[in-house]
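The opening residue of the sequence shown carries number 111 in my numbering; numbering runs sequentially from there.
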Amino acid sequence: MFHVKHGEAPQPPPAAAAVFGDRLSVATEYAAILAGAGIERGLIGPGEVDRLWDRHILNSAAIGELMSADERIADVGSGAGLPGIPLALARPDTSVVLVEPLLRRADFLSEAAELLGLSVTVIRGRAEERTVREAAGEIDVVTSRAVAALDKLTRWCLPLLRPGGRMLAMKGERAADEVQEHRRAMSSLGAVDVRVMECGVTYLTPPVTVVVAVKGSRPVGAGGRTGSPPRKPARTQDRRAARPDGPTRRSK
């Protein structure tokens with residue numbers, strides 16, 4: 111076990127109290143960990159400290175608006191724990207799996223989760239690996255943040271999902287253009303009902319842009335057309351547009 115350095119992080123903005131509730135103090139400790147060990151270990155840049163809350167922590171937690179109680183979430187390419195750790199804090203009624211291929215990052219995630227008292231599972235490996243799918247179990251929602259283009263994300267993430275599960279890819283202002291560019295490839299991989307949505311519209315400027323794709327009942331080429339499961343009602347403003355195998359770790 112290595113020491114996780116705490117640094118000087120800005121105070122949480124007023125919106126954080128509503129997002130994290132009685133876990134605000136834990137979210138504040140996580141901000142200090144990012145400002146210390148996160149920078150020291152190269153997980154975030156020093157220039158990000160002043161905007162840790164709006165750009166990283168609240169930004170990540172906001173997509174919890176798209177999740178339901180008791181869902182199992184896999185955060186692919188979790189890195190410094192974004193968005194997975196803020197999601198685990200903001201939505202304690204879900205279970206979170208952090209998937210990260212790099213050893214130093216997986217170690218950071220395990221140590222940070224233990225210090226924060228979070229019951230999350232850390233899996234070292236790549237989303238597309240069979241061993242990761244087996245360790246993760248049946249997943250309802252896969253999240254990602256600044257990991258890859260949509261065609262690659264769809265290929266990596268959809269196999270982790272149950273039929274009808276959702277892929278939530280946090281994207282920037284070009285999200286709608288990226289959907290247009292990769293829609294055909296996503297469809298061929300089994301993605302249906304691809305949409306661009308916004309989260310955190312009441313407390314983030316700009317709000318978080320998320321590409322949502324549902325896993326059909328079967329991919330194209332698997333004996334028929336892609337199935338389209340019933341759409342779950344969204345609770346957020348809808349803008350329609352258009353790493354080697356390693357051990358599985360559990361932190362409690």
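All C-beta atoms, glycine included, are put in the ideal place defined by N, C-alpha and C.
| Since Ala279 contacts Leu263 with CB under 8 Å, what's their CB separation in whole angstroms? | Start at 1 with the first residue of the sequence shown, and residue 279 comes out as number 169. Start at 1 with the first residue of the sequence shown, and residue 263 comes out as number 153. With a Cβ gap of about 5 Å, Ala279 and Leu263 count as contacting.
| Out of curiosity, what's the CA-to-CA distance linking Val251 and Ile183? | Locating residue 251 in the sequence shown gives position 141, where the first residue counts as 1. Locating residue 183 in the sequence shown gives position 73, where the first residue counts as 1. Cα to Cα, the separation comes out at about 5 Å.
| said: Taking the alpha carbon of Leu192 as the reference point, which residue from Leu199, Glu181, Ala172 and His166 has its own alpha carbon closest? | reply: For this step, residue 192 is matched to residue 82 along the sequence shown. Measuring from the Cα of Leu192, the nearest candidate turns out to be His166.
| request: Find out if the Cβ-Cβ distance for the pair Ala171, Val209 is shorter than 7 Å. | output: As a first step, residue 171 must be located in the sequence shown, where it is residue number 61. As a first step, residue 209 must be located in the sequence shown, where it is residue number 99. Contact flag unset, no.
| task | Please say whether Cys309 and Ile149 have beta carbons closer to each other than 7 Å? | result | Indexing the sequence shown from 1 puts residue 149 at position 39. Indexing the sequence shown from 1 puts residue 309 at position 199. Cβ distance not < 7 Å, so Ile149 and Cys309 don't count as in contact.
| request: Specify, as a first and last residue, the run of the beta strand (DSSP E) that Val129 falls within. | output: The sequence position of residue 129 within the sequence shown is 19, counting from 1. No beta strand (DSSP E) holds Val129; the alpha helix (DSSP H) holding it covers Pro124 to Phe130.
| said: Which residue marks the beginning of the alpha helix (DSSP H) containing Leu194, and which one marks its end? | reply: Start at 1 with the first residue of the sequence shown, and residue 194 comes out as number 84. It is Gly, not Leu, that sits at residue 194 in the sequence shown. From DSSP, the alpha helix (DSSP H) with Gly194 extends over Gly194 to Ala200.
| If you drop the 5 nearest sequence neighbours on each side, which residues of the same chain put their C-beta closer than 6 Å to that of Asn169? | On the sequence shown, residue 169 is found 59 positions in, with the first residue counted as 1. Taken in chain order, the residues that qualify are Val318.
| Taking Met277 as the reference, which of Gly146, His116, Asp160 and Asp185 has the closest Cα? | On the sequence shown, residue 277 is found 167 positions in, with the first residue counted as 1. Ranking the options by Cα distance to Met277, first place goes to Asp185.
| said: Spatial neighbours of Lys362 within its chain, please: C-beta separation below 6 Å, excluding the five flanking residues on both sides. | reply: Taking the first residue of the sequence shown as 1, we reach residue 362 at position 252. In this predicted model, Lys362 has a pLDDT of only 47, less than 50, meaning its place in the structure is not dependable; the value taken from the coordinates is given anyway. Cβ neighbours of Lys362 beyond the five flanking positions: Ser229.
| Taking DSSP as the reference, what is the three-state secondary structure of Pro273? | In the sequence shown, the residue the question calls residue 273 occupies position 163. In the structure shown, Pro273 sits in a strand (DSSP, three-state: E or B).
| task | Write down every uninterrupted run of the beta strand (DSSP E) in the stretch 211-297 whose length is 3 residues or greater and which is fully enclosed by it, in chain order. | result | Within the stretch 211-297, the complete beta strand (DSSP E) runs of at least 3 residues are 230-234, 249-255 and 271-281.
| query | Rounded to a whole number of angstroms, what is the C-alpha to C-alpha distance between Ala301 and Glu291? | reply | By one-based count along the sequence shown, residue 301 stands at place 191. By one-based count along the sequence shown, residue 291 stands at place 181. Distance between the alpha carbons of Ala301 and Glu291: 14 Å.
| Leu153 to Leu213 span [Cα, whole Å] | The residue you call residue 153 lines up with position 43 of the sequence shown. The residue you call residue 213 lines up with position 103 of the sequence shown. Going from the Cα of Leu153 to the Cα of Leu213 covers about 13 Å.
| query | In the structure shown, what three-state DSSP assignment does Val159 receive? | reply | What you label residue 159 is simply residue 49 of the sequence shown in a count that begins at 1. In the structure shown, Val159 sits in a helix (DSSP, three-state: H, G or I).
| request: Return the Cβ separation of Ala145 and Gly189 in integer angstroms, given the expectation that the two are a contact with Cβ distance under 8 Å. | output: What you label residue 145 is simply residue 35 of the sequence shown in a count that begins at 1. What you label residue 189 is simply residue 79 of the sequence shown in a count that begins at 1. The Cβ separation is near 15 Å, so there is no contact.
| request: May I ask you to list the residues that DSSP assigns as paired with Ser205? | output: The residue you call residue 205 lines up with position 95 of the sequence shown. Note: Ser205 sits in a beta bridge opposite Arg182.
| query | Considering only C-alpha positions, which residue in the set Gly157, Val321 and Pro123 is nearest to Arg255? | reply | Counting from 1 along the sequence shown, the entry for residue 255 is found at position 145. Selected option, being the one with the closest Cα: Val321.
| query | Does the Cβ-Cβ distance between Val304 and Met296 come in under 7 Å? | reply | In the sequence shown, counting from the first residue as 1, residue 304 sits at position 194. In the sequence shown, counting from the first residue as 1, residue 296 sits at position 186. Result yes, Cβ atoms of Val304 and Met296 sit closer than 7 Å.
| query | Taking just the CA atoms, how far does Gln121 sit from Ser178? | reply | As a position in the sequence shown, residue 178 is number 68, starting the count at 1. As a position in the sequence shown, residue 121 is number 11, starting the count at 1. Going by the C-alpha atoms only, they are around 29 Å apart.
| task | Determine the direct distance from the alpha carbon of Lys325 to that of Gly274, and round the result to whole angstroms. | result | As a first step, residue 274 is located in the sequence shown; it is residue number 164 there, counting from the start. As a first step, residue 325 is located in the sequence shown; it is residue number 215 there, counting from the start. So the two alpha carbons sit approximately 5 Å from each other.
| query | For Ala118, which of helix, strand or coil comes out of DSSP? | reply | Taking the first residue of the sequence shown as 1, we reach residue 118 at position 8. The displayed chain sequence assigns Glu, not Ala, to residue 118. Coil at Glu118, not helix or strand.
| request: Measuring alpha carbon to alpha carbon, tell me which of Asp132, Asp164 and Val242 ends up nearest Ala141. | output: Your numbering for residue 141 matches position 31 in the sequence shown. A check of alpha carbon separations from Ala141 across Asp132, Asp164 and Val242 identifies Asp164 as the nearest.
| query | Does DSSP classify Thr312 as helix, strand or coil? | reply | The count along the sequence shown starts at 1 and reaches residue 312 at position 202. Coil at Thr312, not helix or strand.
| message | Would Arg265 and Glu248 qualify as a contact pair, given that the criterion is a beta-carbon distance under 7 Å? | response | The residue labelled residue 265 in the question sits at position 155 within the sequence shown. The residue labelled residue 248 in the question sits at position 138 within the sequence shown. No; because the gap between Cβ atoms is not below 7 Å, this pair is not in contact.
| said: Using only the alpha-carbon positions, how far apart do Arg243 and Arg234 sit? | reply: Taking the sequence shown and counting its residues from 1, one reaches residue 243 at position 133. Taking the sequence shown and counting its residues from 1, one reaches residue 234 at position 124. Taking the straight line from one Cα to the other gives about 11 Å.
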